[in-house]
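The structure appears below as C-alpha cells.
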Amino acid sequence: MRFGEFAPGQSWERHKPDWRQFKGKRALIHCSEADGTSQAPSIQEAFTKIIDANGTAELFDYPGTKHAFFNDDRPEVYDEQASRLSWDRTLKFLKG
C-alpha cells in the first residue's frame, strides 16, 4: 500500500513552494499527532497560504500517529489503520 510518501508541511531550503500556483487548485493535507496535527504552525501556514492564493485545502488529523505513519517500510512508525484511512481519503480526493 505505497504511494511514495506524503510530503511534510514544513518548508525548508530546497522545498519552497510557490503558493501562487495553488490558485484554483485543491490540496489534501494529512497530519500526524506527533507532528502537531493540523494545528502545527507549519500546517497552518501552508493551509493559510493555499487559501490566500484562492485554492482550497482539506486537513485531516490522525490521532495517535507518529511522523511518517504511512511508511510501511518503517514498522516503528507505520500505522495500518491511519494509512488505510488516509489512502481512502486520498483516492476520494483524486477522484473528486
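Taking this note's numbering, I'd label the letters of the sequence shown as residues 58 to 153. For each residue, glycine too, the CB sits at the ideal point set by N, CA and C.
message = My assumption, with CB atoms under 8 Å, is that residue 113 sits in contact with residue 83. Please give the rounded CB distance.
response = Taking the Cβ atoms as the reference, residue 113 lies roughly 5 Å from residue 83, within the contact range of under 8 Å.
message = For residue 61 and residue 141, I'd like the C-alpha separation in whole angstroms.
response = Bear in mind that a pLDDT of 40 at residue 61, under 50, signals an unreliable position, so the number given afterwards is only what the model happens to contain. Their backbone Cα atoms lie some 14 Å apart in a straight line.
key: Inter-residue spacing [alpha-carbon to alpha-carbon] between residue 146 and residue 118   = If you take the alpha carbons of residue 146 and residue 118, they lie about 12 Å apart.
message = Going by DSSP, what residue range makes up the beta strand (DSSP E) through residue 115?
response = Run containing residue 115: 113-119, per the beta strand (DSSP E) assignment.
ask   = Is residue 109 buried or exposed, if buried means 16 or more other CB atoms sit within 10 Å of its CB?
value = With fewer than 16 other Cβ atoms within 10 Å, it is exposed.
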